[in-house]
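Student:
2 protein chains.
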Amino acid sequence: MSVAAIKYDAGVSRWEPNARGRLEQAAMDLYVERGFEQTTVAEIASRAGLTERTFFRYFSDKREVLFWGAASLQEILVNTITDAPGGTSPIAAVAAAIEVAGTLFQEGRERSRARQAVIEANPELKERELIKLAALAAAMAEALRGRGVRDPVASLAAEAGIAVLKISFDEWVAILGDDDLPQRMRAAFSELRAVTAG
Amino acid sequence: MSVAAIKYDAGVSRWEPNARGRLEQAAMDLYVERGFEQTTVAEIASRAGLTERTFFRYFSDKREVLFWGAASLQEILVNTITDAPGGTSPIAAVAAAIEVAGTLFQEGRERSRARQAVIEANPELKERELIKLAALAAAMAEALRGRGVRDPVASLAAEAGIAVLKISFDEWVAILGDDDLPQRMRAAFSELRAVTAG
DNA sequence: TACATTGATGTCAGCGAATGACATCGCCGC
DNA sequence: GCGGCGATGTCATTCGCTGACATCAATGTA
């Protein structure tokens, strides 16, 4: 739905449209402005023209605003693994999925940066990020099992992939200029191969 | 310290000794009996003969009761890596550290089991566990850097070690009989080598 | 047209985690 | 014996989060 459509609808419909989007925007703005802890849910809701109660109808908790998008990322990773050509090795399928994720992050570069800065500044948010990454690993392992890969190979390949994702992403975010994230990921995978061979 | 000793001390000192230990014990008991969420800090404190406020003086939050022991584990991992003979490869140093941890878990087997059951049953606790594991990985990476290992090798080796720890530990906990955790960890490391070799 | 239903939001009350400020009072060194 | 210290208690408060119920436009249906 376009912005024009939103304007059109205002006053016609009972409420402003896109409540979830407004809440998300308000939350991000406030988290960036004053930090996560210093922002209350009441403030977020108020800035979005809604009430606290409504915030909690859209997001299970204050942290989830920054993470609900992980669901679609998970879907992409799983599909990439599932759709990999037969005969692709587990680690190659995982690597392909991780690189697709890398491409996506690269597209929304500034957004990724801002988001990561907020998360990095708060331990509670780091916890949430880690559990989302763990969920991604679990989902990838499950997708591998769906291809006939057994444990512990499936789990190990998935965990290795997440390790590469984390490390590459952190480096990429820390770098000032813009360099290629998927390429950095490929390099990390080959480093990992050398390291474990150690 | 035995119950008898506690009785002896009562009345001599102003308070029962070992407040922290009593809080920890009370918390574990309650978490096992009714689950983490269904237990209030007030109940824990009351069972330990203390107040809520005192609980928060010993533990930064309700979850930390189950995790404050991670500090000494981290120390052990770091020391093992630091003290590894010169010329030991990064992954070998990490493997050695992880196996030491495995030995420790094995000694307190029932305790590990009970604890893990509580954690597994609650997402908040899983989050906390993950961030502790991430802290362990970061500390091991730092110890490797202290040996002259550069990034991303140091980080990758540390993350790989944590992945092996996690997966082996989970399997070991799930198994009914008692089998050897360090040995399981060695096996997982060699699986990982095969997996990343693709 | 009238009426029932539905769905997104609001209102209100309340619990429990966490924190700051200040009080208490044995213990220990001087 | 006195004065400070340290472990604990008391009190008040903020904030995240939840359940129960109310509101009211839109939509469907007789």
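Chains as they are written, first to last, in numbering that gives the first Met the number 0: chain E, 0 to 197; chain X, 0 to 197.
Beta carbons are placed, not taken as given, at the ideal position from N, Cα and C, and that holds for glycine.
1. How is serine 167 (chain X) classed by DSSP in three states: helix, strand or coil?
2. To be precise: take each residue of the region 110–131 of chain X, compare its Cβ to all Cβ atoms of chain E, and keep it if any distance is under 8 Å. Which residues remain?
3. Hey, quick one: how far does the alpha helix (DSSP H) through phenylalanine 104 (chain X) stretch, first residue to last?
4. Straight-line CA distance for arginine 19 (chain X) to valine 99 (chain X)?
5. Closest to leucine 22 (chain E) by CA distance: which of E:Arg13, E:Gln37 and E:Arg52 is it?
6. Distance, Cα to Cα, threonine 195 (chain X) vs leucine 191 (chain E)?
7. By the criterion of Cβ-Cβ separation under 7 Å, what are the contact partners of serine 154 (chain X) in chain E?
8. Taking the C-alpha atoms as reference points, what is the distance between threonine 50 (chain X) and alanine 41 (chain X)?
9. Taking 7 Å as the cut-off, decide whether the C-beta atoms of alanine 137 (chain X) and valine 163 (chain X) are in contact.
10. Are there three or more Cβ pairs, one per stretch, closer than 8 Å when the region 109–125 of chain X is compared with the region 148–168 of chain E?
11. Going by beta-carbon coordinates alone, are alanine 96 (chain X) and threonine 81 (chain X) separated by less than 7 Å?
12. Note down, in chain order, every chain E residue with its Cβ under 7 Å from the Cβ of serine 88 (chain X).
13. Are valine 93 (chain E) and alanine 156 (chain E) close, meaning C-beta to C-beta below 7 Å?
14. Find the residues of chain E that neighbour leucine 143 (chain X), judging by a C-beta separation of less than 8 Å, and give them in chain order.
15. Spatial neighbours of glycine 10 (chain X) within its chain, please: CB distance less than 6 Å, with the 5 preceding and 5 following residues excluded, ordered by chain position.
16. Can you have a look at isoleucine 199 (chain E) and say buried or exposed, based on whether 16 or more other CB atoms are within 10 angstroms of its CB?
17. Who are the neighbours of glutamate 158 (chain E) on chain X, taking C-beta pairs under 9 Å?
18. Nearest to proline 16 (chain E) by alpha carbon, out of E:Arg33, E:Ala47, E:Val31 and E:Ile43?
19. Relative to the alpha-carbon of proline 89 (chain X), which residue among X:Ser189, X:Thr102, X:Ala142 and X:Gln37 has its alpha-carbon at the smallest distance?
20. Would a C-beta distance cut-off of 7 Å place glycine 107 (chain E) and leucine 180 (chain E) closer than the cut-off?
21. Closer than 9 Å by beta-carbon distance: list the chain E residues that pair up with alanine 207 (chain X), in chain order.
22. If you count every other CB in all the chains shown that lies within 10 Å of the CB of serine 189 (chain X), and 16 or more means buried, which is it?
23. Do the CB positions of phenylalanine 66 (chain X) and arginine 110 (chain X) come within less than 7 Å of each other?
24. Can you find the residues in the same chain that come closer than 8 Å, C-beta to C-beta, to leucine 124 (chain X), ignoring five residues on each side of it along the sequence?
25. Confirm, please, whether the CB-CB distance from alanine 44 (chain E) to leucine 54 (chain E) is below 7 Å.
26. Closer than 8 Å by beta-carbon distance: list the chain X residues that pair up with alanine 187 (chain E), in chain order.
27. So which residues on chain E does alanine 133 (chain X) lean against when the C-beta distance must stay under 7 Å?
28. Could you check whether the Cβ of valine 148 (chain E) sits closer than 7 Å to any Cβ belonging to chain X?
29. Between alanine 133 (chain E) and leucine 129 (chain X), is the Cβ-Cβ spacing less than 7 Å?
30. So, with DSSP's three-state summary, where would you put glutamine 37 (chain E)?
Tutor: With the given structure in hand:
1. What you label residue 167 (chain X) is simply residue 168 of the second sequence in a count that begins at 1. Three-state DSSP puts serine 167 (chain X) in a helix.
2. Pro122, Lys125, Glu126, Arg127, Leu129 and Ile130
3. Position 105 of the second sequence, counted from the first residue, corresponds to residue 104 (chain X). Phenylalanine 104 (chain X) -> alpha helix (DSSP H) spans 89–106.
4. Residue numbering aside, residue 19 (chain X) sits at position 20 when the second sequence is read from its first letter. Residue numbering aside, residue 99 (chain X) sits at position 100 when the second sequence is read from its first letter. Approximately 27 Å between the Cα atoms of the pair.
5. Start at 1 with the first residue of the first sequence, and residue 22 (chain E) comes out as number 23. Selected option, being the one with the closest Cα: E:Arg52.
6. Walking along the second sequence from the start, residue 195 (chain X) turns up at place 196. Walking along the first sequence from the start, residue 191 (chain E) turns up at place 192. Between threonine 195 (chain X) and leucine 191 (chain E), the C-alpha separation is close to 7 Å.
7. Along the second sequence, read from residue 1 onward, the residue named residue 154 (chain X) stands at position 155. Near serine 154 (chain X) (Cβ distances below 7 Å), the residues of chain E are Ile166.
8. Within the second sequence, the letter at position 51 stands for residue 50 (chain X). Within the second sequence, the letter at position 42 stands for residue 41 (chain X). Taking the straight line from one Cα to the other gives about 7 Å.
9. The residue given as residue 137 (chain X) occupies position 138 in the second sequence. The residue given as residue 163 (chain X) occupies position 164 in the second sequence. Result no, Cβ atoms of alanine 137 (chain X) and valine 163 (chain X) do not sit closer than 7 Å.
10. no
11. On the second sequence, residue 96 (chain X) is found 97 positions in, with the first residue counted as 1. On the second sequence, residue 81 (chain X) is found 82 positions in, with the first residue counted as 1. Result no, Cβ atoms of alanine 96 (chain X) and threonine 81 (chain X) do not sit closer than 7 Å.
12. What you label residue 88 (chain X) is simply residue 89 of the second sequence in a count that begins at 1. For the C-beta of serine 88 (chain X), the chain E residues within less than 7 Å are, from N- to C-terminus, Gly197.
13. Residue numbering aside, residue 93 (chain E) sits at position 94 when the first sequence is read from its first letter. Residue numbering aside, residue 156 (chain E) sits at position 157 when the first sequence is read from its first letter. Contact flag set, yes.
14. Along the second sequence, one-based indexing puts residue 143 (chain X) at 144. Within 8 Å Cβ-Cβ: nothing; leucine 143 (chain X) doesn't reach chain E, min ~10 Å.
15. On the second sequence, residue 10 (chain X) is found 11 positions in, with the first residue counted as 1. At glycine 10 (chain X) the pLDDT is 46, less than 50, meaning the model places this residue with poor confidence and gives no usable figure here.
16. For residue 199 (chain E) there is no data in the structure shown, the boundaries of chain E being 0 and 197.
17. In the first sequence, counting from the first residue as 1, residue 158 (chain E) sits at position 159. Within 9 Å Cβ-Cβ: Glu158, Ala159, Ile161, Ala162, Val163, Lys165, Ile166 and Leu191.
18. As a working mapping, residue 16 (chain E) is identified with position 17 in the first sequence. Closest option to proline 16 (chain E), Cα to Cα, is E:Ala47.
19. Sequence index remark: in the second sequence, residue 89 (chain X) carries index 90 (1-based). Checked all of X:Ser189, X:Thr102, X:Ala142 and X:Gln37; the closest Cα to proline 89 (chain X) is X:Ala142.
20. Walking along the first sequence from the start, residue 107 (chain E) turns up at place 108. Walking along the first sequence from the start, residue 180 (chain E) turns up at place 181. Taking 7 Å as the Cβ cut-off, glycine 107 (chain E) and leucine 180 (chain E) do not qualify as a contacting pair.
21. Coverage of chain X is limited to positions 0 through 197, which leaves residue 207 (chain X) absent and any answer about it impossible.
22. On the second sequence, residue 189 (chain X) is found 190 positions in, with the first residue counted as 1. Burial call: exposed.
23. For this step, residue 66 (chain X) is matched to residue 67 along the second sequence. For this step, residue 110 (chain X) is matched to residue 111 along the second sequence. Not closer than 7 Å, so no.
24. Position 125 of the second sequence, counted from the first residue, corresponds to residue 124 (chain X). Correct list, in chain order: Phe35, Arg62, Leu65, Val117 and Ile118.
25. Start at 1 with the first residue of the first sequence, and residue 54 (chain E) comes out as number 55. Start at 1 with the first residue of the first sequence, and residue 44 (chain E) comes out as number 45. Going by the sequence as given, residue 54 (chain E) is phenylalanine instead of leucine. Yes. Within cutoff.
26. On the first sequence, position 188 is the one that residue 187 (chain E) refers to. The contacting residues are Pro151 and Leu155.
27. By 1-based counting over the second sequence, the position of residue 133 (chain X) is 134. Here the neighbours are Leu129.
28. Your numbering for residue 148 (chain E) matches position 149 in the first sequence. Not one chain X Cβ lies under 7 Å of valine 148 (chain E).
29. In the first sequence, residue 133 (chain E) corresponds to position 134, counting from 1. In the second sequence, residue 129 (chain X) corresponds to position 130, counting from 1. The answer is yes: Cβ separation under 7 Å.
30. Numbered from its first residue, the first sequence carries residue 37 (chain E) at position 38. Of the three classes helix, strand and coil, the one that applies to glutamine 37 (chain E) here is coil, per DSSP.
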